[in-house]
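In what follows, a single structure is set out as structure tokens and then discussed.
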Amino acid sequence: WIKKLTSDLYKSKNCTILKNTTLIYTDTQNNFFALRKIYKTDKDKFLKKYIILLKIVAEHVIIATGLKERTLPKINLNQSNILLASTVNKLVYRFGLEVKNNVVIYTNNDFGWETAFKLLDKGIEIKAIIDTRKDCNISIKCPVFRGAQIIKTQGNLNVNSIKILDENNNRHIIQTSLIIVSGGFDLNLGAVSEIIDSLKWCSKNLTFIPKEYSSNLYFLTDFDNIYCLNSLIQNASKTSLNILKKYKAKGKNYEPLVFESKKINSELCQNNYFYNNKSFNFYNLIQSILFKSFLSNFNFKTEHGIKLNNLKLNAINVFSKDKLIQDEIKTNTLFNYGSSKVTLSFKDTQQTRDNNFSYQVNTPFRTTRCKEFYDKIGNIESHYNGWVLPKFFYKDKNNKDALISINQELSMTKKVGFSDESDLGKIAIVGQDTFKFLNSIKSMSDINLKEECFFTVYLKKGEFLFFDKLLVVVINKEYVLILLNSRIEKQFFDYLLSNLNSLNFDIKCSLFKESENFQVYSLVGSLSHKLLISKFQITNYSLSKKLKNKIYKFDYCGQEIFILFQKIGSELFANIIINSSSALKFVEDIYPNLKSLGGGLIGRESFEKIKLESGLISWNHLKKEELKMKTFSNNSKKENNHRFEANDIQIFPLEIIYSKMLYLIPIGHTKNIVIGSNVYSYKRGKKQFPLGKVTFCFYSIKNEKVIGLILFSKPINFESAIIENKSKNYQTICEVKKYDELFLGAQS
């Protein structure tokens, strides 16, 4: 399609293509000067190079130089098996090459995660994703280290392991065969920024933009609308379209060549394929290239052990005659006789690189199915809240610097707020014995399961206390959906699977990971239930005072949508679970209702704070030891911390937790309660017997105090408690309240 496009452009009377041309200078009169290199045959029939100086007068200029991917600190791209993510994507998806297993991806932006998802879809094993951002909440089916960095690579010619430092300053050693690096993208302007005086670097959008408004100079580049202004792209597109219309140019549609994913594996080597009406066998063609191209030079060498990485293969000859691309592919390919596959290999020489620049990209997580719609309604990055705020959340629509605060988001409960929680993990249990299987799990045998209801349970492991929660959605007796923190999705799935396998196939049900199939949204506020009741014309609405509530099921765009109504304390909540294919339409449909009611989107972090203020215990902000993924230490022993073992995991329904929970509300203004502090009953100015330790605390914006929680199931005959800070020498006297005294009494 490129040949056809360039051929048509060459034939066009109003288009001139100048190859081998470099821009060197521009003035303020729209004059552009360039050097063009051409080759001519002299009188002796020798090829001679000529340089021609060109003066180009342009009424409108569009600069489209593409993007250049950056690297990250302490990473030498010239080490043998370290590649940029964009290079790996090009080698795999354009040229059909393969990647070995045990990959480590090191990134500070979402493109590294996109590469990971693509490799997982191809069955490639990813050993770990290391993201330097602490606030990146993307979920994936492989170990993830957030807020971590690589501090050392180990190995001589090939890197065979890396040492990383996680956000808690713990060190891990990970074995790997390939490191994929993604440090974000810059415009590949080269010397253009030195030539054009009106350029400046925009750190907000990570791209070059004009210093002053220019009616005739535009920059055209787009990478998922992340690294450049939409307005610049739109202006450039409109300008180019107007220029084409002015000269009465005719538009043509060009469809690029697309390789189907199923053809980018070993099948490609085994079957005959047709391209441009010519049939060829990929494997035979590769062999012919191998012996034709490599036996004639010194690239083919045999060494002791017949190392496969010495069999360099210029496989790119099959696709392209571009020498630069050929060289790039040739140094990174491997031909394996045994498997009949073309595989990525690595250079066997180590060089040094001086210009090892890096940039930290802080981009909030926005990879939901509705990302483009959020971009459309207008948003701005808000790092303090892990969200992208819509434009109608500005205090003054003309003042984009006056952003809404968390306090204002909390005030949304007086109206209606909408939160996107689609990054939750989702596990489905399907089969006629679903209830029987759930009741067979230790500590779930006493839970009374019934159809079309939902309830919350908490996970406890020994002295680790309660470390996470699950929302169990019982759609019917043969289908149960579990929503959970994406960081523990894989481990909990394996835990359920081990329980199922231990039953020796006596239970008829199956487990499925449904994370990509459903999107989850939440509404909060006094108008949240009213909005959904009106939207879906719910006539049999009722809200149970118990913590188990009814599920409402509707047909929406040919898919089922499930609505879960809750009342916690004095606040109304609703969860919406919908098929991913209908998610965008649902958000677009509900958006006008949000605006008409004076509501809007709420950040995930603020949504958790609203839950806390309403009495729902949330463990998302608990400063806890995170469940660690498998790592390798120096002695190559696997670490196995806090894994889901059938013998020590306990599952508690929410009502049991609440019955054992005491709230400690400081008397007077304080912010000094910390998790792990010792708590004692307090009477007549003296501390009495120990009550336990603070298991959770949060800062209440309503009360402007830190509130502590402890587990204490015995009857209480005291009204006050004293907390001793475990690390500093001070005490805090608190009023003691049970959960039902604070919140359940407010329910109607």
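All you need for the working numbering is the position in the sequence shown, starting with 1, plus 9. Yeah, the Cβ is synthetic: ideal placement off N, Cα and C, and Gly gets one too.
Less than 8 Å separating the beta-carbons of residue i and residue j?
i	j	result
L541	L552	no
A43	L56	no
S589	Q528	yes
I660	I450	yes
S495	G434	yes
F502	L480	no
K127	L187	no
G624	I560	no
I189	L92	yes
S537	L581	yes
C518	G440	yes
Under the three-state reduction of DSSP, which class applies to residue i: helix, strand or coil?
i	result
S297	Note that S297 has pLDDT 41, beneath the 50 cutoff, so the model's placement of it is unreliable and no number is given.
L343	The predicted model places L343 with a pLDDT of 43, which falls under 50 and marks its position as unreliable, so this point remains unresolved.
A592	helix
I660	strand
Q441	coil
S543	helix
P724	coil
N558	strand
V6	Since the displayed the chain opens at 10 and closes at 757, residue 6 lies outside it and no answer follows.
Y393	The pLDDT assigned to Y393 is 43, lower than 50, so where the model puts this residue is not dependable, and the model offers no usable value.
R79	coil
K453	According to the sequence as given, residue 453 is Met; it is not Lys. Residue state, collapsed to three classes: coil.
L174	strand
N23	coil
G578	coil
P675	strand
I386	helix
T185	coil
A73	coil
L447	helix
D17	helix
T31	strand
L610	strand
Y600	helix
L536	coil
T124	helix
Mind checking which residues open and close the alpha helix (DSSP H) that includes residue i?
i	result
T96	A94 to N98
L751	Y748 to L751
Can you check DSSP and say which residues form a bridge with residue i?
i	result
E569	D564
I160	None, per the DSSP bridge assignment.
D477	L468
S709	K714
C462	V483 and K559
C3	Residue numbering for the chain in the displayed model covers 10 to 757; residue 3 lies beyond these limits and cannot be assessed.
K702	N687
M670	L720
F521	A437
L493	G434 and L479
S191	T116
N584	S531 and L573
Y488	V439 and N485
Between which two residues does the beta strand (DSSP E) containing residue i stretch?
i	result
A43	N40 to T50
S531	F527 to V533
G426	G426 to D429
D140	I135 to D140
E733	S729 to E733
L56	L56 to V66
L505	Taken as a continuous stretch (DSSP letters only), L505 belongs to no beta strand (DSSP E), being part of the alpha helix (DSSP H) at E498 to N510.
R378	Run containing R378: none; DSSP gives neither H nor E here.
V108	Here V108 belongs to no beta strand (DSSP E), and DSSP marks it neither H nor E.
R155	V153 to R155
For the ligand HEM, I want to know if residue i counts as a neighbour, meaning its beta carbon is within less than 7 Å of at least one of the ligand's heavy atoms.
i	result
K77	With respect to small molecules bound, the structure shown includes none, and the ligand HEM cannot be examined in it.
Using a Cβ-Cβ distance under 8 Å, would residue i count as near chain B?
i	result
T35	Checking the listed chains, one finds no chain B in this structure; it contains a single protein chain.
Worksheet item: Counting pairs of Cβ atoms below 8 Å between the segment 131-149 and the segment 182-196, do you hit three or more?
Response: Yes: at least three Cβ pairs fall under 8 Å.
Worksheet entry | the segment 57-65 in contact with the segment 76-87 per 3-pair CB rule at 8 Å | The segment 57-65 vs the segment 76-87: no contact.
Worksheet entry | the segment 162-175 contacting the segment 92-108, beta-carbon criterion three pairs below 8 Å | Flag = no, the segment 162-175 and the segment 92-108 do not touch.
Item to complete: Determine, using beta-carbon pairs with one atom in the segment 666-677 and one in the segment 742-750, whether at least three such pairs fall under 8 Å.
Response: Yes: the two stretches touch, three or more of their Cβ pairs being nearer than 8 Å.
Worksheet item: Do the segment 114-130 and the segment 139-155 meet, that is, are 3 or more Cβ pairs less than 8 Å apart?
Response: Yes: the two stretches touch, three or more of their Cβ pairs being nearer than 8 Å.
Practice prompt. Report yes or no: do the segment 712-722 and the segment 680-696 share at least 3 C-beta pairs separated by less than 8 Å?
Written response: Three or more Cβ pairs closer than 8 Å define a contact, and the segment 712-722 meets that threshold against the segment 680-696.
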